[in-house]
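Enquirer: One structure, as structure tokens, below. Some questions next.
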DNA sequence: CAAGAAAGTTTCAGATCTGATCCTGAAAGT
DNA sequence: ACTTTCAGGATCAGATCTGAAACTTTCTTG
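Protein chains in written order, with our numbering: chain A, 130 to 411; chain B, 130 to 411.
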């Protein structure tokens, strides 16, 4: 039979509102089912313990006790091997397992980010003349994504690498008044290190987004934001980096305020103007 | 004020079960609100017309009539009003708020996805000759990301649009034995619709990743995977789409099995061979 | 304009949900 | 052995939800 998370996912649509509150609470931290009593889970979810009891019976367990025992069992059996090589033998990662892993990535990441780190990065980016987004190799899509957000807020965002242009030539125009967003999740290349080093040398602010595995690069970055990327399946997850980028850019937009707002409106206006024409691929 | 779909998404979590049935029905085909009467919408959703009436008042309209008028207007007016406009007054979104929103996006999205939909998509992609990844505009980074995952698993992944090449010429080589991954989160362009239509016409399988607000495109896609994208801050969140893509590609890798494993090993080997040289930007 | 039909609204009673309260039993301490 | 404590379960009354039906408004048609 399924484990707790899977059972929840299966009947989620049928749940009432209070039950859904329970469900959400549990899905955010499935391990708690084994650790906490049904009563305290109820408190956590902000529902009565009667609802909690009903909830577990709804999931198909005989009662809360049984559910808890089951949760304990699936935690013991659930020790995951990290490498994709090992993950391959696995029959199939369930949706619930994937969800649990992703939520953990997000939670751990966001929780551990220090808001004063973020603030100082935001300040630097708000004041920056130009912004450089750097992402080689597998970080390139991430860089593209970051740029797409930033360009809605500030006018001069440059990407490295770009097209097939030589990096040093492009990068030569970096100034101390600039800010750099360096993306180094997963495989980090020498070029990334080089660009970051040159940026610091030029006096620019460098915000470095990376994973937990990366060694601490004290001087290489002004601010380092670490993301958890452990995936349940064959691949690592970039959900946390994406989320951090979104939050960062969103906060940046709010911080910049009026000018960003005007810019967003202007963009929206151009969009609707162009929408009247046929080829609207932009 | 927001249009119907947007209002629904805003209060979706608060809805009762019957109301949610209404909500889901409408989100699948928002245009129907303008076309059909509230009564027939109710029938379609399998609820009473009393519920339908209440539902529209719940959304903030004076009544069903007003809602319908509003729906008509926003169809004429086309594009929905961008989210950020409303969100901007907000003082500042806290990290906790951001986290909560993201987790909800993930949870709701994964829960909602039917595993047999996913399975049939995976089957099609596993057997496909070539795979096309389509993402215009703001979906381009997402497409890039999807391609980066897929190329690790299968050899022939093509992107649309690419470089500055003309889309039709590139796309001419699509076959019935191919599979298409269409990304339409947020602003959907005409070109996307065109590509999807041509794909179906050519007999290829089309998996469509989009948001809750998109109307159901019955014939346009073989499988539609809807993601929740409501952001706490200034921008919508693509965390759910990214997560779905990751899960999809991961499951695909497991499904393909041995050949994918070999491919991953081969790639890893090339990486380490090249790492010995200096310029390792790939 | 009157009559009728269709859509929308309100009412109301039954169904369902939900928290407070009380009860039972097990475990731990005295 | 007795008390205490706490998790889980049962009960019940009040809150909420929901569909049927009565009622009102709007539109259509002759």
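Backbone N, C-alpha and C fix where the C-beta goes; we use that ideal spot for every residue, glycine too.
Just so it is clear, the structure is predicted and the values come from calculations on it, not from any experiment.
Shortest alpha-carbon distance to residue 239 of chain A belongs to which of B:176, B:385, B:226, B:290?
Expert: Here the closest residue by C-alpha is B:226.
Enquirer: Residues in the same chain with beta-carbon distance under 8 Å from residue 391 of chain A, minus the five sequence neighbours each way, listed in chain order, please.
Expert: Correct list: empty, nothing qualifies.
Enquirer: Starting from residue 252 of chain B, find everything on chain A with Cβ-Cβ shorter than 8 Å and list it in chain order.
Expert: Simply none; closest approach about 13 Å.
Enquirer: Against chain A, which members of the segment 333-357 of chain B pass a CB distance test of less than 8 Å?
Expert: So the list is empty, because no residue satisfies the distance condition.
Enquirer: I'd like to know if residue 224 of chain A contacts chain B, where contact means its C-beta is closer than 7 Å to some C-beta of that chain.
Expert: Yes, contact with chain B.
Enquirer: Mind checking whether residue 379 of chain A and residue 184 of chain B have CB atoms under 7 Å apart?
Expert: No, Cβ-Cβ distance for residue 379 of chain A and residue 184 of chain B is not below 7 Å.
Enquirer: What does a CB cutoff of less than 7 Å around residue 316 of chain A pick up in its chain, not counting 5 residues either side in sequence?
Expert: If we look at residue 316 of chain A and ignore the five residues flanking it on each side, its Cβ neighbours are 266, 267.
Enquirer: Per the DSSP calculation, residue 334 of chain B is bridged to which residue(s)?
Expert: Bridge partners of residue 334 of chain B: B:308.
Enquirer: Which runs of the alpha helix (DSSP H) spanning at least 4 residues fall entirely within the segment 138-211 of chain A, listed in chain order?
Expert: For the segment 138-211 of chain A, whole alpha helix (DSSP H) runs of length 4 or above, ordered along the chain, are 146-157, 161-164, 167-174, 178-187, 193-206.
Enquirer: Just to confirm my understanding: we take residue 299 of chain B, look at its own chain, exclude 5 residues before and 5 after, and list those with CB closer than 7 Å. What are they?
Expert: Cβ within range, chain order: 289, 291.
Enquirer: For residue 158 of chain B, which of B:170, B:147, B:148 has the nearest alpha-carbon?
Expert: Among B:170, B:147, B:148, the Cα nearest to that of residue 158 of chain B is on B:170.
Enquirer: Three or more C-beta pairs closer than 8 Å, one from the segment 351-359 of chain B and one from the segment 351-361 of chain A: is that the case here?
Expert: Touching, no, given that fewer than three Cβ pairs across the two stretches are closer than 8 Å.
Enquirer: Contact check, residue 181 of chain A vs residue 167 of chain A under 8 Å by CB: the rounded distance?
Expert: The Cβ separation is near 5 Å, so the contact holds.
Enquirer: Taking Cβ positions, are residue 253 of chain A and residue 179 of chain A nearer each other than 7 Å?
Expert: Cβ atoms of residue 253 of chain A and residue 179 of chain A: not closer than 7 Å.
Enquirer: With a 10 Å radius around its C-beta and 16 neighbouring C-beta atoms as the bar for buried, classify residue 269 of chain B as buried or exposed.
Expert: By the 10 Å Cβ count, residue 269 of chain B comes out buried.
Enquirer: Where residue 142 of chain B and residue 323 of chain B are concerned, what is the direct C-alpha to C-alpha distance, given to the nearest angstrom?
Expert: Going by the C-alpha atoms only, they are around 34 Å apart.
Enquirer: State buried or exposed for residue 274 of chain B, treating a residue as buried only when at least 16 other CB atoms are found within 10 Å of its CB.
Expert: Buried, by the Cβ-count rule.
Enquirer: I'd like to know if residue 131 of chain B contacts chain A, where contact means its C-beta is closer than 7 Å to some C-beta of that chain.
Expert: So, not an interface residue.
Enquirer: Could you tell me the distance, in whole angstroms, from the CA atom of residue 327 of chain B to the CA atom of residue 337 of chain B?
Expert: One C-alpha to the other measures close to 14 Å.
Enquirer: Taking the straight line between their C-alpha atoms, what separation do you get for residue 232 of chain A and residue 301 of chain A?
Expert: Whole-angstrom Cα-Cα distance: 41 Å.
Enquirer: Chain B partners of residue 73 of chain A, CB-CB under 8 Å?
Expert: For residue 73 of chain A there is no data in the structure shown, the boundaries of chain A being 130 and 411.
Enquirer: Less than 7 Å between CB atoms is the rule here; does residue 362 of chain A satisfy it with respect to chain B?
Expert: Chain B contact via Cβ: present.
Enquirer: In angstroms, rounded to a whole number, what distance separates the CA positions of residue 150 of chain A and residue 237 of chain B?
Expert: Near 12 Å, if we compare the C-alpha coordinates of residue 237 of chain B and residue 150 of chain A.
Enquirer: With distance defined between alpha-carbon atoms, name the residue in A:147, A:152, A:145 nearest to residue 134 of chain A.
Expert: Comparing Cα-Cα distances from residue 134 of chain A to each of A:147, A:152, A:145, the minimum goes to A:152.
Enquirer: Tell me whether residue 347 of chain B is buried or exposed, calling it buried when 16 or more other Cβ atoms sit within 10 Å of its Cβ.
Expert: Flag for residue 347 of chain B reads exposed.
Enquirer: Check the C-beta distance from residue 373 of chain B over to residue 350 of chain B and give it rounded, since I have them as a contact under 8 Å.
Expert: Incorrect: roughly 14 Å between the Cβ atoms, too far for contact.
Enquirer: Quick one: Cα of residue 285 of chain A to Cα of residue 262 of chain A, how far?
Expert: Distance between the alpha carbons of residue 285 of chain A and residue 262 of chain A: 11 Å.
Enquirer: Start and end of the beta strand (DSSP E) containing residue 239 of chain B?
Expert: Counting along the chain, residue 239 of chain B falls outside any beta strand (DSSP E), though it belongs to the alpha helix (DSSP H) covering 224-241.
Enquirer: Along the chain, where does the alpha helix (DSSP H) that runs through residue 353 of chain B open and close?
Expert: From DSSP, residue 353 of chain B is part of no alpha helix (DSSP H) but of the beta strand (DSSP E) over 352-356.
Enquirer: Drop a sphere of 10 angstroms on the beta-carbon of residue 376 of chain A, count the other beta-carbons inside from all chains shown, and report buried for 16 or more, exposed for fewer.
Expert: Buried, by the Cβ-count rule.
Enquirer: Does the Cβ of residue 388 of chain A have 16 or more other Cβ atoms within 10 Å, making it buried, or fewer, making it exposed?
Expert: With fewer than 16 other Cβ atoms within 10 Å, it is exposed.
Enquirer: Give me the subset of the segment 267-287 of chain A whose CB atoms are less than 9 Å from a CB atom of chain B, sorted by chain position.
Expert: Here the close residues are 267, 269, 270, 271, 272, 273, 274, 275, 276, 277, 278, 281, 282.
Enquirer: If I measure Cβ to Cβ from residue 144 of chain A and keep anything under 7 Å in the same chain, skipping five residues before and after, which residues do I get?
Expert: So the list reads 152, once near-sequence residues are dropped.
Enquirer: Please check if any C-beta of chain A sits within less than 7 Å of the C-beta of residue 231 of chain B.
Expert: Yes, contact with chain A.
Enquirer: Taking 7 Å as the CB-CB limit, is residue 150 of chain A close to chain B?
Expert: No, because no Cβ of chain B sits closer than 7 Å to the Cβ of residue 150 of chain A.
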